[in-house]
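Under our numbering, the letters of the sequence shown match residues 2 to 335, in that order.
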Amino acid sequence: MTPAGPRKVAAYLAALAGLSLTLAACSSGGGGDPAAYPEDDIEVIVPFSAGGPTDTVTRMVAEPMSEELGVQLVVQNVDGAGGTVGAGQAAAADPDGYTVLMHHIGMSTAPALYDDLAYDPVTDFKPVGLVTEVPMTIIARSDFEPETFEDFVTYVQENADTVTMAHAGDGSASNLCGLLLMDALGVQVTAVPYDGTGPAMTELVGGQVDFMCDQTTNTTGQITAGEVKAYAVTTPERIEALPDLPTTAEGGQPDVEVSVWHGLYVPAETPDEVVSTLTDALQVALADQAVIDQMADLGTAPVSEDQATPEAHAALLEEQIATWGEIIGAGQGG
Ligand code: MLT
2 MTPAGPRKVA
12 AYLAALAGLS
22 LTLAACSSGG
32 GGDPAAYPED
42 DIEVIVPFSA
52 GGPTDTVTRM
62 VAEPMSEELG
72 VQLVVQNVDG
82 AGGTVGAGQA
92 AAADPDGYTV
102 LMHHIGMSTA
112 PALYDDLAYD
122 PVTDFKPVGL
132 VTEVPMTIIA
142 RSDFEPETFE
152 DFVTYVQENA
162 DTVTMAHAGD
172 GSASNLCGLL
182 LMDALGVQVT
192 AVPYDGTGPA
202 MTELVGGQVD
212 FMCDQTTNTT
222 GQITAGEVKA
232 YAVTTPERIE
242 ALPDLPTTAE
252 GGQPDVEVSV
262 WHGLYVPAET
272 PDEVVSTLTD
282 ALQVALADQA
292 VIDQMADLGT
302 APVSEDQATP
312 EAHAALLEEQ
322 IATWGEIIGA
332 GQGG
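Put into structure tokens, the structure is as follows:
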């Protein structure tokens, strides 16, 4: 084979570079032209196990968003380490709009809880918009001895060395609520971590763990079916989906108040035009009556349109990182 001259090598290398750029564009989900976005299915990373509250909220909005965008939003559960594994994978994805992250309050607590976080929640992402803010409920296995929330508080304080509490890893919503509860009760129980409160619920219903604090999107069905014992809801007022459930404040624990806000994110370098397309589709989904009804049945509701925007989402994230940084840093939640 005759050796190629310098001009031929240069042309070959340029062609190769061109080919690799084209392949990169194709491999990143069907094309890099923001004006034509989306041209392929979109992966939505849920950083907790299937069947849990984050997964449930994601699948609720994924369906109408898919319809609006004309492609499938394909949910991928990437669980572990309180949601930081999935968030890290999303941060490192191609910034082409074909990888989206659904995450919650854990996006704001991770910086204070993980020294070696693989991402910065602010600089490694662009927020797409807020989705919903979900109340939490304190629930126990159905044969747990205490009957009322006051009884539960006394029982846990007197039996902290034997009581077990499920959560979904450091920085997860169930972990945060548990920390607030232990702080208020002045005791530490044995924490049992899971990759999500989906599997935690399975073991709670099975009686393998004593109690947990989890979102109504995962607990409402089990509470109304009598599969678990419910003690309180962590919102200032009672909620329509569980009208007989007293608030933590009614039970003498007003400091145990927390709701779990959720939002969608894309990698930081994603073009603004792509973000706008996703934000528009999210707002259509949140106005969808089926989504409104599903959320109402599970104790929550879509955020307002002005909250389902990158600006509102960025402002809340910044405020929450500061707030939880103080709480956790002060040792109250750490
Ligand atoms: C889940 O989806 O499993 C929960 O959001 C985990 C948690 O944050 O407690």
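The beta carbon of each residue, even a glycine, is placed where N, CA and C say it ideally should be. These numbers come from a predicted model, not from an experiment.
At a threshold of 6 Å, G71 does not count as near the ligand MLT, since its beta carbon sits no closer than that to any of the ligand's heavy atoms.
Along the length of the segment 53-131, whole alpha helix (DSSP H) runs at least 4 residues long occupy 54-70, 85-92 and 107-114, reported in chain order. With fewer than 16 neighbouring CB atoms inside 10 Å of its own CB, Q158 falls in the exposed class. The straight-line gap separating the alpha-carbon atoms of A192 and L180 is approximately 10 Å. CA-to-CA, the gap between H314 and A141 works out to about 33 Å. In this structure, K230 keeps its C-beta atom at 7 Å or more from the C-beta atom of F150.
Membership of L265 in the beta strand (DSSP E) is indicated by the continuous run S260 to P268. Following the DSSP letters along the chain, one finds F49 in no beta strand (DSSP E), marked with neither H nor E.
T324 carries a helical assignment under DSSP once its states are collapsed to helix, strand and coil.
In the three-state scheme derived from DSSP, where H, G and I count as helix and E and B as strand, Q209 is classed as coil. Under DSSP, the beta-bridge partners assigned to D215 are T138. Ordered along the chain, residues surrounding the ligand MLT are F49, G53, P54, T55, A169, S173, A174, S175, G197 and T198 [Cβ under 5 Å from any heavy atom]. Under DSSP, H168 shares a beta bridge with P194.
According to DSSP, V229 shares a beta bridge with R142. If you draw a straight line from the Cα of T278 to the Cα of A288, it is about 16 Å long. Within the model, the alpha-carbon separation for V123 versus I328 is close to 19 Å. Taking C-beta separations shorter than 7 Å and ignoring five residues to either side along the sequence, the partners of A82 in its chain run G170, following chain order.
A residue is called buried when at least 16 other Cβ atoms come within 10 angstroms of its Cβ; V75 does not meet this threshold and is exposed. Taking C-alpha positions only, F153 is separated from Y232 by approximately 8 Å.
The segment 248-266 makes contact with the segment 87-104: 3 or more CB pairs, one atom from each, lie closer than 8 Å.
S260 sits close to P136, with the two beta carbons spaced by under 7 Å. Residue pairing from DSSP places V234 in a beta bridge opposite T138 and T248. If you ignore the 5 residues before and after L118, its C-beta comes within less than 7 Å of the C-beta of T85, A111 and P112, all in its own chain and listed in chain order. V285 places its beta carbon less than 7 Å from that of E69.
The count of Cβ pairs closer than 8 Å, one atom from the segment 87-99 and one from the segment 320-327, stays below three, leaving the stretches out of contact.
Apart from sequence neighbours up to five positions away, the residues of its chain that approach T249 with a beta-carbon distance below 6 Å are A233, T235 and V257, ordered along the chain. CA-CA distance, Y38 to T133, rounds to 25 Å. The Cβ atoms of S50 and P200 sit closer than 7 Å to each other. CA-to-CA, the gap between V45 and L205 works out to about 28 Å. Rounded to whole angstroms, the Cβ separation of V47 and D56 is 5 Å, and the two are in contact under 8 Å. Contact between Y120 and G172 is ruled out by a C-beta separation of about 13 Å, above the 8 Å threshold.
Listed in chain order, the beta strand (DSSP E) runs fully inside the segment 265-315 amount to none, counting runs of at least 3 residues. By the Cβ neighbour-count rule, T163 is exposed, with fewer than 16 other Cβ atoms within 10 Å of its own. In this structure, G130 places its C-beta atom within 7 Å of the C-beta atom of T310.
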